[in-house]
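Numbering (my numbering), first residue to last: 13 to 136.
We treat Cβ as the ideally placed atom computed from N, Cα and C, and that holds for glycine.
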Amino acid sequence: MSASNSKYQLRQKRRTRIRKKIQGTAERPRLSIFKSARHIYAQVIDDSKGVTFATASTAEKEIKDNTALAGKKKAELATEVGTLVGSRAIEKGIKQVVFDRGGFLYHGRVKAVSEGARKAGLEF
13 MSASNSKYQL
23 RQKRRTRIRK
33 KIQGTAERPR
43 LSIFKSARHI
53 YAQVIDDSKG
63 VTFATASTAE
73 KEIKDNTALA
83 GKKKAELATE
93 VGTLVGSRAI
103 EKGIKQVVFD
113 RGGFLYHGRV
123 KAVSEGARKA
133 GLEF
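Pasting the structure below:
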């Protein structure tokens, strides 16, 4: 790793490597994850048409205003985001997805989102 490669640039390299292999279709859309320092976002996307079927994040009102989730850790909130995006996808008739971790390591909040989506009924 050279000094010129920032953390962001390294993640972008991993992200493009992953996206070469993963493609969301109408039958099996892509469950894409993005995390910032404060929030985590999940989307179910059909790349062939460029359509987003379902979204969920910790920044949306439904999770922010839920008093049962107040004071929870980020990983616990990420599980709720996964459950929410999974249930919204199932409402649209989507049962199988391809998981796109977005260049992030599969542990912590990213893993929590995938476990929440599996709990909601999505198959990877």
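Which of helix, strand or coil DSSP assigns to residue i
{"i": "Leu22", "result": "helix"}
{"i": "Leu43", "result": "strand"}
{"i": "Glu135", "result": "strand"}
{"i": "Val110", "result": "strand"}
{"i": "Ile75", "result": "helix"}
{"i": "Thr37", "result": "coil"}
{"i": "Ser126", "result": "helix"}
Boundaries of the beta strand (DSSP E) in which residue i is found, first to last residue
{"i": "Val56", "result": "Ile52 to Asp58"}
{"i": "Val63", "result": "Val63 to Ser69"}
Start-to-end residues for the alpha helix (DSSP H) that takes in residue i
{"i": "Ser99", "result": "Lys86 to Glu103"}
Proximity below 7 Å, CB of residue i to CB of residue j
{"i": "Val110", "j": "Arg26", "result": "no"}
{"i": "Thr91", "j": "Ala132", "result": "no"}
{"i": "Ser44", "j": "Gln55", "result": "yes"}
{"i": "Val97", "j": "Ala66", "result": "yes"}
Distance, residue j Cα to residue i Cα
{"i": "Arg50", "j": "Thr70", "result": "9 Å"}
{"i": "Arg121", "j": "Ile52", "result": "8 Å"}
{"i": "Asn78", "j": "Arg113", "result": "26 Å"}
Near the ligand HEM: residue i beta-carbon under 6 Å from a heavy atom
{"i": "Val125", "result": "This structure simply doesn't include the ligand HEM, nor any ligand for that matter."}
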